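In what follows, a single structure is set out as structure tokens and then discussed.
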Amino acid sequence: MSDENANAMEAYRYEDGSISYPGHPLGPDGSEPVETIDLSEYTATVVTWTTSTATPPGVRAPNHLAIVEFDVDGEPVRAIGQLTTDEVESGDEVRPVYVEELRDPEAGIKEPASQDWDGYRFEPV
Amino acid sequence: MERVAIIGASMTQFGQREEWIRELLAEAGIACLEDAGVDPATVEHLYVSNMASGEFEGQGGIMNALAHDLGALPAYTERIDQTSSSGGAGIYAAWRSIASGASDMTLLVGGEKMTHPSTAETTDIIASITHPCEYKHGLTLPSFAGMTARHYLERFDAPRESLGKVAVKNHKNGVDNPHAQFQKEVDLETVLESPIVADPLRLYDFCPITDGSAALMLCPESVAKEYTDDYVVIAGVAGATDTHVVHERPDPTIMGGVVESGQQAYEMSGYGPEDIDVAELHDMFTILEFLQMEGLDFAEQGEAWKHVEEGRTERDADRPINTSGGLKSKGHPLGASGVAQGVEIYEQLVGEAGPRQVDADVGLCCNVGGFGNCVITTIMEAAA
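Those protein sequence lines, which keep their order, are chains A and B. Residue numbering for the first sequence follows my numbering, starting at -1 and increasing by one per position. Residue numbering for the second sequence follows my numbering, starting at 8 and increasing by one per position.
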């Protein structure tokens, strides 16, 4: 797997044509990944959303969150992430906006080096 | 294969407790030994259901500690961690130990001590089960519930009040459970006006943070008859797993682990949803009661809310759900909850549920880990 965009929102396409975000070493029924797709180049539709007021250490409060669905050449793929605003409705179109640090890596229970902390918020188009 | 019986049950007071995990487990374990009339030296396998004693209080090796504290040496011990479904997974493990012939007397104790950190810290420990792509966005279990509830209400045109009525019902049931964290009724207005936690869900849509422990004693049916005439048989038990990443599920309102474990448990037991007289469902959030009712075929997809509106899940109705008060009112000490579900169904089937007693010969427990990530469904029947 290689990618030209260092900050890509990387999804995997598998042998069976399905796409997942995040990618997995093996896809549905053990299907091998065959390519990566940068979802940050696409827009998505809000499936559902919430505003969380009881947030863990190092997380903004309130925290607006959504499940969104991308359409990659007719193949649906969903993602989850923070919203830039709570001025949103299910069905709205959003685009990914890069953020260097989504929560404070030092504040939570997880080992900071164990994962990435940058990513994409979704902003209404 | 010989049938597996449950001959004793216990649970501690649920709520905010001063005792630490070792003490809570011992309290339920001793009470269960006494309830079953079993000598500790008779116990051959000892399972402890617990999600996070290391994270919560820095205590490891709790299964070994419990065996020693109960005088149950040299029983084989094992700690079962399957997040919130650790208790159900413990029932499954204990059932396997008897059904396989590896043990003739298995004690299962589930417990969690989790009220001492701040709510934010406890929320973070629980949220650590999420995928890194979820965790970095600050996803919590309540926030998954909020998104799922919004989708359910919008898609099935269900009234917000129907979720509130789940909380009202379960609190009402909890009044008659002396071990419940909240033995207090709440009215619908209080639920609907409580502070927002994960929009559209509010404080009273969520279970509390709880300390507590619960236990069951299992043995072959032939051995059970040596102890008592009033026992329960595990007619069916199965577990299944859904996606770790919650948004990858094709339908946010279907928990695949509930559907799959339910179908397997029905098939193994020979019972169907129409045979279930009483059920304990994992109402960590009110919306989960709807999703499990539908996943277990108690209701068609998108229709569970109508059953609640019509009062069909009340204690005096045709299929009571969460007579114990559920996680909502009884409390949710993670590793204990699945075991406590089993305690309630056991007590209902042997006629020891006191003011909560309903007319039941067959009961079901559905214990959900994560946000539907791992699920155990158990079907029990009263001894013939």
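Where a beta carbon is used, it is the ideal one built from N, C-alpha and C, also for glycine. Remember, predicted model here, so these are calculated numbers, not experimental data.
For A/T49, return the contacting residues in chain B, with the cut-off set at a CB-CB distance below 8 Å.
Under the 8 Å cutoff, chain B gives G153, I203, A205, D206.
Please state whether the Cβ-Cβ distance between B/G246 and B/T49 is less than 9 Å.
Contact flag unset, no.
Which two residues bound the contiguous beta strand (DSSP E) that contains B/S344?
Premise fails: B/S344 lies in the alpha helix (DSSP H), 341 to 357, not in any beta strand (DSSP E).
Compare the C-beta of B/P227 against all C-beta atoms of chain A and say whether one is closer than 9 Å.
Not an interface residue.
If you reduce the DSSP assignment to three classes, tell me which class A/F120 lands in.
Correct three-state label for A/F120: strand.
Quick check for students: name the residue ranges of the alpha helix (DSSP H) that lie wholly in the region 188 to 264 of chain B, counting only runs of 4 or more.
If we require 4 residues or more, the alpha helix (DSSP H) runs fully inside the region 188 to 264 of chain B come out as 195 to 200, 228 to 234.
Using 9 Å as the limit for Cβ to Cβ distance, is B/D131 near chain A?
Output row for B/D131: interface = yes.
For B/N411, does the three-state DSSP call read helix, strand or coil?
Shown here, chain B extends from 8 to 391; a query on residue 411 of chain B therefore has no answer.
Can you give me the start and stop residues for the alpha helix (DSSP H) that A/T83 sits inside?
Segment: none, A/T83 is in no alpha helix (DSSP H) and carries neither H nor E.
If we count the other Cβ atoms within 10 Å of its Cβ and call it buried at 16 or more, is B/K172 buried or exposed?
Classification for B/K172: buried.
At least one CB of chain B closer than 9 Å to the CB of A/A52: is that the case?
Yes, its Cβ sits closer than 9 Å to a Cβ of chain B.
Where does B/T130 fall in DSSP's three states?
In the structure shown, B/T130 sits in a helix (DSSP, three-state: H, G or I).
Tell me the rounded alpha-carbon separation between B/Q270 and B/A390.
Going from the Cα of B/Q270 to the Cα of B/A390 covers about 23 Å.
Here's the rule: buried if 16 or more other CB atoms are within 10 angstroms of the residue's CB, otherwise exposed. What is A/Q113?
A/Q113 comes out exposed.
What's the call for B/M224, buried or exposed, on a 16-neighbour Cβ count within 10 Å?
So B/M224 counts as buried.
Which complete alpha helix (DSSP H) runs does the region 137 to 178 of chain B hold, if anything under 4 residues is left out?
Segments of the alpha helix (DSSP H) lying fully in the region 137 to 178 of chain B: 139 to 142, 148 to 163.
So what's A/A6 in DSSP terms, helix, strand or just coil?
Residue state, collapsed to three classes: coil.
Apart from the five residues on each side of it in sequence, which residues of its chain come closer than 6 Å, Cβ to Cβ, to A/F68?
L37, Y40, A42, V75.
So that I know if they touch, is there some Cβ in chain B lying closer than 9 Å to that of A/T43?
Not an interface residue.
Threshold first: 3 residues or longer. Then list the beta strand (DSSP E) segments lying entirely within the region 3 to 45 of chain A, N to C.
Fully enclosed beta strand (DSSP E) runs of 3 or longer: 8 to 12, 31 to 36.
Do B/A16 and B/Y353 count as a contact pair if the criterion is CB distance below 9 Å?
Cβ atoms of B/Y353 and B/A16: closer than 9 Å.
With 8 Å as the C-beta to C-beta threshold (strictly closer), list the residues of the region 134 to 149 of chain B near chain A in chain order.
Residues A134, S135, H138, P139, C140, E141, Y142, K143, H144, G145, L146, T147, P149.
If the criterion is Cβ atoms closer than 9 Å, does the pair B/L199 and B/A152 meet it?
Cβ atoms of B/L199 and B/A152: not closer than 9 Å.
Measure the C-alpha to C-alpha separation of B/E26 and B/P166 and round it to an integer number of angstroms.
Distance between the alpha carbons of B/E26 and B/P166 is about 41 Å.
Which class does A/T54 belong to by DSSP, given the choice of helix, strand or coil?
The sequence as given places Pro at residue 54 of chain A; Thr does not occur at that position. Three-state DSSP puts A/P54 in coil, outside helix and strand.
If the cut-off is 9 Å on Cβ atoms, which residues from the region 116 to 128 of chain B count as contacting chain A, listed in chain order?
Here the close residues are S125, T126, A127, E128.
Just to confirm, are B/N374 and B/G118 a CB contact at a threshold of 9 Å?
No, the pair does not count as a contact, with Cβ atoms beyond the cut-off.
Determine the closest residue to B/E9 out of B/A82, B/A106, B/V55, B/V116, with distance taken between C-alpha atoms.
Cα-wise, what sits closest to B/E9 is B/A106.
Report the partner residues of A/D69 according to the DSSP bridge assignment.
According to DSSP, A/D69 bridges with A/P74.
Shortest alpha-carbon distance to A/E121 belongs to which of A/P110, A/I107, A/A64?
Looking at the Cα atoms, A/A64 is the closest of the given residues.
May I have the straight-line CA-CA distance separating B/G78 from B/P47, to the nearest angstrom?
Distance between the alpha carbons of B/G78 and B/P47: 6 Å.
Go ahead and pull the three-state DSSP assignment for B/D304.
In the structure shown, B/D304 sits in coil (DSSP, three-state: anything other than H, G, I, E or B).
Does A/M(-1) come out as helix, strand or coil in the three-state DSSP assignment?
Confidence at A/M(-1) is low in this model, with a pLDDT of 46, below 50, so its placement is unreliable and the value that follows should be read with caution. Correct three-state label for A/M(-1): coil.
With H, G and I counted as helix, E and B as strand and the rest as coil, what does DSSP make of B/N380?
B/N380: coil per DSSP, three-state reduction.
Pull up the DSSP beta-bridge partners for B/V375, would you.
Partner(s): B/V382.
Pick out whichever of B/Q20, B/I328, B/S344 has its Cα sitting closest to the Cα of B/L334.
Nearest C-alpha to B/L334: B/S344.
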